[in-house]
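Peer 1:
Protein chains in written order, with my numbering: chain D, 18 to 297; chain Y, 7 to 258.
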């Protein structure tokens, strides 16, 4: 199915200057291609997984620097675009769902108006049509009473609803790629499953590409097709999600073994021994 | 064997009149000495509120709380805090940003009237696996796992019998979580501590605890031994739902 990749990233580096005049490499020589599939990026805090998502959308703020051979979106190198053209890419062609809906929704604007605004920025439709579309979207993310939610403010929503609203808002301009950065980490386990199922269904129906960024190895392996495992800014291993337990890199093994399991009680958990050569 | 912690018909509420929310309703818990008890449930189910009520952080409480055979007094006295200590979820928020590790531990020891504080600070650091080098660091110079170790050292300072753990690892990476869980297992063995741990992660609770209570909307719907949980043999529908949700997201 992955004939021509939607997104092709090669030689991506993100660097920040440090106070003592050095350079900190947040992402090093990262490359991957994304088709119409679900790609997971897993790593611990500071591994560069979120920076990768931001770099694709050119959202790394100075003094941070993004250098890459190319970041091609269907053949178009995003690095060559002007800031003005880039704004047309964000939201319309690649959109992003962040971790905590509390911080990504505007607290003083109703949910409905925010979705309508997101839609009308990218499509020239009347207010009435936009409202219709927004209500359809809210229904698509399994919100029971879309009319009421449309008029509600974000603080009246639970975390799970907030995140579904974010997903609705991000999908309303029909992007080709959705980058989801820890979309369910702020949610309860029982709600996580629901939100993921909804996201999965919409992504599949629309034939979108999904980049799913998470620290949770199990979650990603249950949900994605392919996984990149990042350590200190590098991809240390790429594997099929179903074959995660066959992973060979010591870091991946270490992460897997450090998780307590419900079905296999153990007296002590394995502690990850970090090897400096992994990041070299 | 007497119970380390017992609650009888514990009720906790917030607000009053129309705005009253019953956060915990008629909770009965018995945690025998030297065992570990887990409380699981989703956000807002009242699991953390039980811990906060035990240590006296919530004033609006009814029912009885018995620690090692004695009913607690409100406000709690010094002896209570020598017996019961708590570790909070977020190590970034629970340490004073402008107090060094040494100040944090020294102050706690002083409040509890210990004399040989110099030796005790060093011993505490050693017990939680930090070593002397960390003694004069500030919280921002520590990683999340190291901070949680400091928080645990502070809780251990008064030599308590009981530790209340409120999601002690949910803000940490999985590899660091493993280190902290191992530390908690070791400390329990060395000091024959009693734990009550709150978490939303069934596997984490099952790792540390022998018995687990499941909470929903402020009510303990089921208390079951961890072996039953591991065999996925829950009686209550909500527990089954939690187990399924946990399996769906790859956490079985």
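Glycine is no exception: its CB is placed at the ideal position from the N, C-alpha and C atoms.
With 7 Å as the threshold, decide whether the Cβ of residue 35 (chain Y) is near any Cβ in chain D.
Peer 2: no
Peer 1: For residue 202 (chain Y), return the contacting residues in chain D, with the cut-off set at a CB-CB distance below 9 Å.
Peer 2: Those do not exist, as residue 202 (chain Y) stays about 18 Å from chain D at its closest Cβ, beyond 9 Å.
Peer 1: Report the neighbours of residue 1 (chain Y) on chain D: residues whose CB is nearer than 9 Å to its CB, in chain order.
Peer 2: Coverage of chain Y is limited to positions 7 through 258, which leaves residue 1 (chain Y) absent and any answer about it impossible.
Peer 1: With a cut-off of 8 Å, do at least 3 Cβ pairs link the segment 105-113 of chain D to the segment 66-84 of chain D?
Peer 2: yes
Peer 1: Taking the alpha carbon of residue 274 (chain D) as the point to measure from, which residue in D:263, D:288, D:282, D:265 has its own alpha carbon closest?
Peer 2: D:288
Peer 1: Are the CB atoms of residue 207 (chain D) and residue 251 (chain Y) nearer to each other than 7 Å?
Peer 2: Yes, Cβ-Cβ distance for residue 207 (chain D) and residue 251 (chain Y) is below 7 Å.
Peer 1: Please classify residue 33 (chain D): does DSSP put it in a helix, a strand, or coil?
Peer 2: strand
Peer 1: At 7 Å on the CB atoms, spell out the chain D contacts of residue 189 (chain Y), in chain order.
Peer 2: Residues of chain D passing the Cβ test: none, with the nearest at roughly 10 Å.
Peer 1: What are the residues that DSSP puts in a beta bridge with residue 9 (chain Y)?
Peer 2: Y:38
Peer 1: The alpha helix (DSSP H) spanning residue 247 (chain Y) covers which residue range?
Peer 2: 243-254
Peer 1: Rounded to a whole number of angstroms, what is the C-alpha to C-alpha distance between residue 193 (chain D) and residue 22 (chain D)?
Peer 2: 11 Å
Peer 1: Would you mind listing the beta strand (DSSP E) stretches within the segment 40-67 of chain D that are 3+ residues and don't spill past its ends, in chain order?
Peer 2: 40-51, 55-59
Peer 1: Could you tell me the alpha carbon to alpha carbon distance between residue 152 (chain D) and residue 143 (chain D), rounded to whole angstroms?
Peer 2: 14 Å
Peer 1: Looking at residue 14 (chain Y): is its Cβ nearer than 7 Å to the Cβ of residue 70 (chain Y)?
Peer 2: yes
Peer 1: CA-CA distance, residue 183 (chain Y) and residue 149 (chain D)?
Peer 2: 46 Å
Peer 1: With a cut-off of 7 Å, does the C-beta of residue 293 (chain D) fall near any C-beta of chain Y?
Peer 2: Under the Cβ distance rule, residue 293 (chain D) does not count among the residues neighbouring chain Y, no pair being separated by less than 7 Å.
Peer 1: For the candidate residues D:51, D:36, D:32, D:269, whose alpha-carbon lies nearest to that of residue 42 (chain D)?
Peer 2: D:32
Peer 1: Using C-beta distances below 7 Å, list every residue in its chain close to residue 140 (chain D), excluding the 5 sequence neighbours before and after it, in chain order.
Peer 2: Excluding five sequence positions before and after residue 140 (chain D), the CB atoms of its chain that fall closer than 7 Å to its own CB belong to 190, given in chain order.
Peer 1: What number of angstroms, rounded off, separates the C-alpha of residue 224 (chain D) from the C-alpha of residue 218 (chain D)?
Peer 2: 10 Å
Peer 1: Who are the neighbours of residue 242 (chain Y) on chain D, taking C-beta pairs under 8 Å?
Peer 2: Ordered by position in chain D, no residue passes the 8 Å Cβ test against residue 242 (chain Y), which lies about 14 Å from the chain.
Peer 1: From the beta carbon of residue 61 (chain D), is the nearest beta carbon of chain Y less than 7 Å away?
Peer 2: yes
Peer 1: Could you give the C-beta distance for residue 258 (chain D) and residue 60 (chain D), rounded to a whole number, given that I count them as a contact under 8 Å?
Peer 2: Actually they do not touch by this definition, with Cβ atoms about 15 Å apart.
Peer 1: With a threshold of 6 Å on Cβ separation, who are the neighbours of residue 78 (chain D) within its own chain once the five nearest residues in sequence on each side are excluded?
Peer 2: The same chain holds no residue with a CB closer than 6 Å to that of residue 78 (chain D) once the five nearest residues on each side in sequence are set aside.
Peer 1: If you draw a straight line from the C-alpha of residue 66 (chain D) to the C-alpha of residue 197 (chain D), how long is it?
Peer 2: 11 Å
Peer 1: For residue 128 (chain D) and residue 145 (chain D), I'd like the C-alpha separation in whole angstroms.
Peer 2: 16 Å
Peer 1: For residue 213 (chain Y), would you say it is in contact with chain D, using Cβ-to-Cβ distances shorter than 7 Å as the test?
Peer 2: Yes - at least one Cβ of chain D is within 7 Å of the one on residue 213 (chain Y).
Peer 1: Can you round the beta-carbon distance between residue 172 (chain Y) and residue 95 (chain Y) to whole angstroms, since I take them to be within the 8 Å contact cut?
Peer 2: 5 Å
Peer 1: What number of angstroms, rounded off, separates the C-alpha of residue 156 (chain Y) from the C-alpha of residue 90 (chain D)?
Peer 2: Residue 90 (chain D) has its alpha-carbon roughly 47 Å from the corresponding atom of residue 156 (chain Y).
Peer 1: Let me know the secondary structure DSSP gives residue 112 (chain D) once reduced to three states.
Peer 2: strand
Peer 1: Mind checking if residue 157 (chain Y) is an interface residue toward chain D, Cβ cutoff 7 Å exclusive?
Peer 2: no
Peer 1: Using 10 angstroms around the beta-carbon of residue 5 (chain D), count the other beta-carbons present and answer buried if the total reaches 16, otherwise exposed.
Peer 2: Nothing about residue 5 (chain D) can be reported from this structure: the residues present for chain D run from 18 to 297 only.
Peer 1: Once DSSP output is grouped into helix, strand and coil, what is the label at residue 173 (chain D)?
Peer 2: Annotated three-state conformation of residue 173 (chain D) is helix, per DSSP.
Peer 1: In chain order, what residues of the same chain lie with their CB nearer than 6 Å to the CB of residue 25 (chain D), ignoring the 5 residues before and after it?
Peer 2: 50, 89
Peer 1: Considering only C-alpha positions, which residue in the set D:241, D:169, D:165, D:63 is nearest to residue 220 (chain D)?
Peer 2: D:241
Peer 1: In angstroms, rounded to a whole number, what distance separates the CA positions of residue 38 (chain Y) and residue 177 (chain D)?
Peer 2: 37 Å
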